[in-house]
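> Input: one structure, supplied below.
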Amino acid sequence: MEPDDQIADEEIRARAHDIWDRHHQPEGYDLQFWLMAERELRAERRASQEGKQVEAPDGGRH
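Right, here's the structure in full:
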C-alpha cells in the first residue's frame, strides 16, 4: 500500500495521457503533461481528504 501522499505512476500516466489528448496531442511536452497530471491528482486528493472530515455533534471536526 502506498503512503497517502504517493500517487501511482500508472494513475499519473493515465491522467497525463488524457491531458495530452485534450491538448491535441502535441509532441515534446511529456514532462509538462506529467507534472500537470501529478498536480491535478494531488489537488484532487487533498480536496477529497478535506471533504472527509466529519462534523461532530458538538460542532467540532473529527
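The sequence shown runs 1315 to 1376 under my numbering.
We put the beta carbon where it would ideally sit given N, CA and C, even for glycine.
Would you kindly work out how many angstroms separate the C-alpha atoms of L1326 and A1361, rounded to a whole number?
Note on residue identity: the sequence assigns Ile, not Leu, to residue 1326. Computed Cα separation, rounded: 17 Å.
> What is the rounded straight-line gap between the Cα of R1336 and the Cα of R1359?
If I take the Cα positions, the gap works out to 22 Å.
> If you compare alpha carbons, which of R1329, R1356, G1365 and E1364 is closest to W1348?
For the residues R1329, R1356, G1365 and E1364, the minimum Cα distance to W1348 belongs to R1329.
> Using the three-state DSSP reduction, which class does E1358 fall into: helix, strand or coil?
E1358 falls in the helix class under three-state DSSP.
> Considering H1338, what are the terminal residues of the alpha helix (DSSP H) in which it resides?
No alpha helix (DSSP H) contains H1338, which DSSP labels as neither H nor E.
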